[in-house]
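I have placed the structure first, in the form of structure tokens, so that the comments after it can refer back to it.
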Amino acid sequence: MPHAPKPIADAAAAKMGDDWKITPRALNVNDSVLAQFEEDLATVLGHHVFSDVLRMKPVAIDSDATHYEAGHQAVFDKESYNSAISTRGVYQCAGNIFWLNFSRLISSQGVPISPRAIEQLKKSHFSSPEVNQNIVIVPVQPGLSYRDLKNQFNNLVRCSPEEIEFALISRIAELVRSNADEVQLTAWRTVCLTTTFSFEILRSEAAIYWRAINARRRTIATYDAVAPSPTQRIFQLMTFKESYEATHGTLSNSELASIYNTNLQEIDSKLEDSVSENWVDTAVKIHRRIFSQPDLLDEVLRDEAQHGKAGMFQTSALEEICIKGKSGKGDIYWIMRSMRFIVEAGQLNPGDFTVRFLCGAKSSGSTQKGFIHLCLMKHALLRWLMSTWLEQSSYDPEAKESKRRKSNTTRPR
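Position 67, counted from 1, in the sequence shown is what the working numbering calls 874; the numbers after and before it change by one each time, with no gaps.
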């Protein structure tokens, strides 16, 4: 009978041997973060709604319960645990987030946890007491019985990112301090009691460590794959604009920004521009002058296919191309092809095309020109050579036509 493949984390540990353990760092770089968390946790547990939460069972699916008091998946169960762990090596279910010992860190042991990251998660994940979509990954040793696992409740270690739980507890603590009513806090207690747990067999501390590291790394791949690129964000906006206006009439850009923002979940991230009126102005301009032209759009999509979200054509770069290429589509196409040409030649990287590089210094009195200015000068020179100069030259008509065809004034050489 063929052997089942090793779980990824176990395989990673096996490559370097699993006979090592995580050594506690002499300097705990997370003292201040943990101190704040312990204060938040004490605040939460000190409220009567949460006074018995450490001993509470997960909330099950119940058709008679109210929206914020109902579970949404099967809860921790002996028979299901034994079956799933013995066959698949993984068991997922609803659990009580307070089964964790929050201060037991794996991937963040000796690694600074960012307080800003916790604040970001509070805004994006815990603005309201809806279902917590995150999964808490808990390692279990092979052969660990249901009873022995239950005996570890309130002291479980997890190898999923700790910031998630820190953000949730911090959010609830804020509500307690602001004297939120019992209905609100009960809804948040349900969030805690319907947390998705993934119990996974991991055979060594090394396997646990690498599972924790790779759990974080997977978020990078997820972001790179599904977070909207600048191009996608503009198309999302314009698709909404066209659909909404078909029913409600024409919108000004300020109205569009307001309506669009009303439906966006709040996030705090430097990786995405806010949908302000200025951003909408820019998006509409880029869509009209570049994305509505198939050959220009093809340049943008080609760049994204090669470089992903780190490509040349960020929103700021596209805006400057629109502004500087005001003479028409020919200039815009020439600029974009010039950018691609120089990257493909290995002379520049996509990230080199900053606004300053493209446009030069914008400070008052500066005469420094940028890459776009150079492109347009070359394009103007080529057009002059292939028109005024060539007409005045002594070449015969056939030779002139041949030179014009070879020059192809829309494509840089």
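Ideal placement from N, C-alpha and C gives every residue a C-beta, glycine not left out. All of these numbers come straight from a predicted model, not from anything done at the bench.
{"Item": "Distance, residue 1068 Cα to residue 1009 Cα", "Value": "44 angstroms"}
{"Item": "Minimum length 3: unbroken beta strand (DSSP E) runs contained in the stretch 888-965", "Value": "897-902, 942-947"}
{"Item": "Which residues DSSP lists as bridging residue 1008, in chain order", "Value": "947"}
{"Item": "Collapsed DSSP secondary structure at residue 866 in the structure displayed", "Value": "coil"}
{"Item": "Validate contact between the stretch 908-919 and the stretch 1042-1049 using beta carbons, cut 8 angstroms, 3 pairs", "Value": "no"}
{"Item": "Closest Cα partner of residue 1254 within the set 1001, 1011, 968, 1053", "Value": "This structure leaves residue 1254 out entirely; the chain is present only between 808 and 1220."}
{"Item": "For residue 882, the three-state DSSP class (helix, strand or coil)", "Value": "strand"}
{"Item": "Buried or exposed by the 16-neighbour rule on C-beta atoms within 10 Å, applied to residue 879", "Value": "exposed"}
{"Item": "Cβ pair residue 1087, residue 1063 closer than 8 angstroms", "Value": "yes"}
{"Item": "The stretch 973-982 contacting the stretch 835-853, beta-carbon criterion three pairs below 8 angstroms", "Value": "yes"}
{"Item": "Environment of residue 1204 [buried if 16+ CB atoms lie within 10 Å]", "Value": "exposed"}
{"Item": "Segment limits, alpha helix (DSSP H) that includes residue 1104", "Value": "1101-1114"}
{"Item": "Three-state class that DSSP yields for residue 1161 in the structure shown", "Value": "coil"}
{"Item": "Assigned exposure category for residue 1076 - 16 Cβ within 10 Å defines buried", "Value": "exposed"}
{"Item": "Three-state class that DSSP yields for residue 1002 in the structure shown", "Value": "strand"}
{"Item": "Where residue 833 sits in the DSSP three-state scheme", "Value": "Residue placement at residue 833 cannot be trusted, given a pLDDT of 45 that sits under 50; what the coordinates show is reported in the next sentence. Coil at residue 833, not helix or strand."}
{"Item": "Nearest-angstrom Cα separation, counted from residue 1179 out to residue 1295", "Value": "Given a span of 808 to 1220 for the chain in the structure shown, any question on residue 1295 remains unanswerable."}
{"Item": "Contact the stretch 936-954 vs the stretch 990-1000: 3+ CB pairs below 8 angstroms", "Value": "yes"}
{"Item": "Stretch pair the stretch 1029-1042 + the stretch 1116-1126: three plus CB contacts closer than 8 angstroms", "Value": "yes"}
{"Item": "Residue nearest to residue 1145 in terms of C-alpha spacing, selected from 931, 1127, 1185", "Value": "1185"}
{"Item": "Beta-carbon proximity check, residue 841 vs residue 903, cutoff 8 angstroms", "Value": "no"}
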